[in-house]
Amino acid sequence: MAPTIHYYCPCQSGELLQTPPPPHMASSSASFHLLHSLFFCEECDAVRCNRCVAVEVSGYYCPNCLFEVPSASVRAEKNRCARNCFSCPICRSTLQVVASDPPDGGDGRPSASLSNVGEPPFFLYCNHCRWDSAEVGITFEKPTGLAAQLQKFEDSAPESLEFERLKEHFEPFLPAASAALARDVPGVGKYNPLARSRVGRDRTANKDEMPEYKSRMEISVLGQLGSEGDDSDVDALRRMENVEEIASLEQRWGNSWTTSLRTSDLKPLRIPLHSKVSKRCPTCRHILIKPEQKAQSVRYKIKLVAANYLPAITVGIPHASGTDTARRPQTKATGVSDDRNAGILTAGKSYPFHLALTNPLYDPIQVRLSVQRMHVTAVTDGTAPEKARRTPFAVSLPTSPFPVAAFAEAWEYDDDDDMFGLEDDDLGLDVGRSRDRDGKGKIKAVGVLEKRANVTVVGGEVVIGKEARGHVKFNMLVSYTYRSDDPLPSEDGAGTPSRTVVKSPEVKTFTFYTVVDLGPILPREEKIDPDI
Amino acid sequence: MPPIRDKFTIHSKAVVCQDVELKGDITIGPGTVVHPKATIFAIAGPIVIGSGCIIEEAAIIVNRRKEVMRVGDNNLFEIGCRVECPSIGNFNTISTRARVHHTVRIASYCVIGAACLVVPTDDETLDDYTSIFGPAAERRTWSGRGRVQEADLRLKHAEYLREMLPKFNRLRRGDGT
Numbered sequence: 001m002a003p004t005i006h007y008y009c010p011c012q013s014g015e016l017l018q019t020p021p022p023p024h025m026a027s028s029s030a031s032f033h034l035l036h037s038l039f040f041c042e043e044c045d046a047v048r049c050n051r052c053v054a055v056e057v058s059g060y061y062c063p064n065c066l067f068e069v070p071s072a073s074v075r076a077e078k079n080r081c082a083r084n085c086f087s088c089p090i091c092r093s094t095l096q097v098v099a100s101d102p103p104d105g106g107d108g109r110p111s112a113s114l115s116n117v118g119e120p121p122f123f124l125y126c127n128h129c130r131w132d133s134a135e136v137g138i139t140f141e142k143p144t145g146l147a148a149q150l151q152k153f154e155d156s157a158p159e160s161l162e163f164e165r166l167k168e169h170f171e172p173f174l175p176a177a178s179a180a181l182a183r184d185v186p187g188v189g190k191y192n193p194l195a196r197s198r199v200g201r202d203r204t205a206n207k208d209e210m211p212e213y214k215s216r217m218e219i220s221v222l223g224q225l226g227s228e229g230d231d232s233d234v235d236a237l238r239r240m241e242n243v244e245e246i247a248s249l250e251q252r253w254g255n256s257w258t259t260s261l262r263t264s265d266l267k268p269l270r271i272p273l274h275s276k277v278s279k280r281c282p283t284c285r286h287i288l289i290k291p292e293q294k295a296q297s298v299r300y301k302i303k304l305v306a307a308n309y310l311p312a313i314t315v316g317i318p319h320a321s322g323t324d325t326a327r328r329p330q331t332k333a334t335g336v337s338d339d340r341n342a343g344i345l346t347a348g349k350s351y352p353f354h355l356a357l358t359n360p361l362y363d364p365i366q367v368r369l370s371v372q373r374m375h376v377t378a379v380t381d382g383t384a385p386e387k388a389r390r391t392p393f394a395v396s397l398p399t400s401p402f403p404v405a406a407f408a409e410a411w412e413y414d415d416d417d418d419m420f421g422l423e424d425d426d427l428g429l430d431v432g433r434s435r436d437r438d439g440k441g442k443i444k445a446v447g448v449l450e451k452r453a454n455v456t457v458v459g460g461e462v463v464i465g466k467e468a469r470g471h472v473k474f475n476m477l478v479s480y481t482y483r484s485d486d487p488l489p490s491e492d493g494a495g496t497p498s499r500t501v502v503k504s505p506e507v508k509t510f511t512f513y514t515v516v517d518l519g520p521i522l523p524r525e526e527k528i529d530p531d532i
Numbered sequence: 533m534p535p536i537r538d539k540f541t542i543h544s545k546a547v548v549c550q551d552v553e554l555k556g557d558i559t560i561g562p563g564t565v566v567h568p569k570a571t572i573f574a575i576a577g578p579i580v581i582g583s584g585c586i587i588e589e590a591a592i593i594v595n596r597r598k599e600v601m602r603v604g605d606n607n608l609f610e611i612g613c614r615v616e617c618p619s620i621g622n623f624n625t626i627s628t629r630a631r632v633h634h635t636v637r638i639a640s641y642c643v644i645g646a647a648c649l650v651v652p653t654d655d656e657t658l659d660d661y662t663s664i665f666g667p668a669a670e671r672r673t674w675s676g677r678g679r680v681q682e683a684d685l686r687l688k689h690a691e692y693l694r695e696m697l698p699k700f701n702r703l704r705r706g707d708g709t
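Chains as they are written, first to last, in the working numbering: chain A, 1 to 532; chain B, 533 to 709.
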């Protein structure tokens, strides 16, 4: 498993506590997110995640025809596309309206009279699985306006008629159709309160009494339409020949009413609408994300994502750890064995790792890293309690602040920093090409390893205890300072001469927590390694 | 293993581009279009391709059995597919990156969906109008509605390619030995 790094959003912790929870606890994963899913509020100078932002819908559209549906019709059309967009019940891809084949006079010879529009009856056809709606008996007379043609079918379904009858039955007993009920249940509220006066009998009767409701059809008949689990279903299952006859769960759970179990009864569904949302900061109500109004454009009018403000950090473990010769990569393709060896962290050894920080700002930044101390009280295996309380691993990181260059276009960087050819993986092994060497000739593992373009690679080291288990996860505090773009009030003549105003641009510091996961720890093998 | 002797019988009305890798005893019928970078290997036995077939780029048609591999008329082998069936009927579509094993015999009007692996361990014959789709290669039978329009589309496709490909690609002419 490749090492990962997640960023912390303080929304889950309390008001005062801004430090993240210990990462080895399972519940802490809720507060840590990947950088690409985080936002940044400029007013509050804070990281926001998807859980704490306030979301509001900015528009609805059909993913197939990309038609923007006004929000008033969304409720009327039950969140589905009202035009010709249907989804195949078998494979859930979009259906296409096709014409029937022309009657062929010969034996498959193409008849020259294939007109452009095609011949009725038209039906829906799935290009992916070759299902067509004529199998369930749905055909159309015209290739457009399918929704209207299908509406007649839907309205005469027994469930809809039953529902209408129920509404008519209860209508006299509603004092006034409340606005909320009218919104949620289409059809209620159409009735005029004056109509009630016709039912004179109800005024004299007790308000709590209600005549008994008689349904249109017998319940047992209705039960056969859906899968009520009674005898008709059992019979169908007994006569079943292969498992494809029963509709799978994925095919059935999108329906509003319970439908029958058989695959041959599945009907095409209208495509549900998607929505475009805009997101706001919960405290200052500043808009963080605002998409464009057009359905087909994927850009945003306002896009305040954390990746534009926070440095992106990637973690890597160089392959073939320098302290372990017994695990040298084999002679076959090194790419495969590198991946396998890179993820292995064995108890009792120490591993260097690399953190590459990429600066998104147009100003250079100074970064300082520090590991958050934490108490590890519980270890998974139930060995002797004294051993469990020892910290399973120790992490050392460079403590002094180091700079990361500003972001600029690729051609603006100087060529003397070799951008190509020097790979991080070689730094651990190859003595001759290391850039930072101290006087003893040993390769420095902890510290700034490389700087190129707007990326700085620093190395750290983790020493894993002999009895350690679980994952190597530690919280890391990253704080960086940069010069902000805000112009300072210039020194004008009104300033008192006794006070020296240092004309330096404002320096801002931002701090955030991350959790670095280097991977699982493998217990030490039994064979004796000569290195240890 | 005896060396593969190349013997290509390409109809004069077929359009075979020069970049195609052909090996072995191959017969290509009239009206067939073979795009550049396709591969037809008749390693152990001959391959006979019918008329009007369209073999797109990076398609691989391999015959590793001694018997003749017969491919019917008007089939479409889309990009990246790999076909080893001993017999294929007419008007089939083998979609992009699909793989069909040598244990399968395909009848007519079948559709093998994109990236589907049809690799049964035992010998199997796909009936007419079988459609295979989805990541799990589920099957269902096409009702056959719309086949005339599809056939018409296939013919128009092949006709267009026969007209356009020679304008932009060099063609292989004659028999190779």
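Think of the CB as a built atom: it goes at the ideal place given N, C-alpha and C, for glycine as much as any other residue.
Item                                                                                                                                                                                                       : Value
Tell me, please, whether the CB atom of B:Leu693 is closer than 9 Å to any CB atom in chain A?                                                                                                             : no
Taking 9 Å as the threshold (beta carbon to beta carbon), is B:Ser663 in contact with chain A?                                                                                                             : yes
Please confirm if A:Val98 has its CB atom under 9 Å from at least one CB of chain B.                                                                                                                       : yes
Any beta carbon of chain A sitting closer than 9 Å to that of B:Gly621?                                                                                                                                    : no
Would A:Arg262 pass as an interface residue toward chain B - the criterion being a Cβ-Cβ separation below 9 Å?                                                                                             : no
Closer than 7 Å by C-beta to A:Asn359: which residues in its own chain qualify, once you throw out the five before and the five after it? Chain order, please.                                             : Pro311, Ile365, Val404, Ala405, Ala406, Phe407, Asn454
May I ask you to list, following chain order, the residues of the region 676-700 of chain B that have a beta carbon less than 8 Å from some beta carbon of chain A?                                        : Arg677, Gly678, Arg679, Val680, Gln681, Ala683, Asp684, Leu687
From the DSSP output, in three-state form, read off A:Lys214 for me.                                                                                                                                       : coil
Can you confirm whether the region 576-588 of chain B touches the region 604-613 of chain B when touching is taken to mean that 3 or more C-beta pairs between the two stretches lie within less than 8 Å? : yes
Under 8 Å, with one C-beta from each stretch per pair, do the region 516-526 of chain A and the region 465-483 of chain A reach the 3-pair mark?                                                           : yes
Can you give me the start and stop residues for the alpha helix (DSSP H) that B:Tyr692 sits inside?                                                                                                        : 679-700
Classify A:Cys88 as buried or exposed, calling it buried when 16 or more other Cβ atoms lie within 10 Å of its own Cβ.                                                                                     : buried
Among B:Ile558, B:Val547, B:Ala668, whose alpha-carbon lies nearest the alpha-carbon of B:Thr541?                                                                                                          : B:Ile558
Alpha carbon to alpha carbon, what distance is there between A:Ala30 and A:Pro282?                                                                                                                         : 18 Å
Whose C-alpha, out of B:Asp659, B:Arg597, B:Val547, is nearest the C-alpha of B:Tyr692?                                                                                                                    : B:Val547
Quick one: measure Cβ to Cβ for A:Leu304 and A:Glu42, integer angstroms, because I've assumed they're closer than 8 Å.                                                                                     : 6 Å
Counting only C-beta atoms, is A:Trp131 closer than 9 Å to chain B at any point?                                                                                                                           : yes
Taking A:Val457 as the reference, which of A:Ile313, A:Lys267, A:Arg83 has the closest Cα?                                                                                                                 : A:Ile313
Rounded to whole angstroms, what's the CA-CA distance from A:Gly316 to A:His354? Just pull it up for me.                                                                                                   : 5 Å
Output, in sequence order along the chain, the residues in the region 561-580 of chain B whose CB is closer than 9 Å to any CB in chain A.                                                                 : none
Does the beta-carbon distance from B:Arg637 to B:Pro618 come in below 9 Å?                                                                                                                                 : yes
How about B:Cys613 and B:Ile644: are their beta carbons less than 9 Å apart?                                                                                                                               : yes
Quick one: any contact between the region 146-154 of chain A and the region 165-173 of chain A, if contact means 3 or more CB pairs under 8 Å?                                                             : no
Can you round the beta-carbon distance between A:Asp517 and A:Thr4 to whole angstroms, since I take them to be within the 8 Å contact cut?                                                                 : 5 Å
In whole angstroms, what is the alpha-carbon distance linking A:Phe39 and A:Ser479?                                                                                                                        : 17 Å
Please list, in chain order, the chain B residues whose beta carbon lies closer than 8 Å to that of A:Cys88.                                                                                               : By Cβ distance, chain B contributes nothing, its closest Cβ being about 10 Å from A:Cys88, past 8 Å.
Measuring only the C-alpha atoms, how far is B:Asn622 from B:Val603?                                                                                                                                       : 8 Å
Which residue from B:Asn595, B:Ile626, B:Leu554 puts its Cα closest to that of B:Thr635?                                                                                                                   : B:Asn595
Name the chain A residues whose beta carbon is nearer than 9 Å to that of B:Ala615?                                                                                                                        : Reading off the sequence, residue 615 of chain B comes out as Val, not Ala. By Cβ distance, chain A contributes nothing, its closest Cβ being about 20 Å from B:Val615, past 9 Å.
DSSP puts A:Asn308 in a beta bridge; with which residues?                                                                                                                                                  : Per DSSP, none; premise fails for A:Asn308.
Quick one: using the 10 Å Cβ neighbour count with 16 as the cut-off for buried, is B:Ser663 buried or exposed?                                                                                             : buried
Alpha carbons only, please: which of A:Asn79, A:Ser350, A:Leu66, A:Pro22 is nearest the one belonging to A:Val298?                                                                                         : A:Leu66
Looking only at its chain, what residues have a beta carbon closer than 8 Å to the beta carbon of A:Ser28, apart from the 5 residues adjacent to it on each side?                                          : Pro20, Pro21, Pro22, Val515
For B:Met601, is the classification buried or exposed, using 16 other Cβ atoms within 10 angstroms of its Cβ as the cut-off for buried?                                                                    : buried
Within 10 angstroms of its Cβ, does A:Ile302 collect 16 or more other Cβ (buried), or is it exposed?                                                                                                       : exposed
Please classify A:His169: does DSSP put it in a helix, a strand, or coil?                                                                                                                                  : helix
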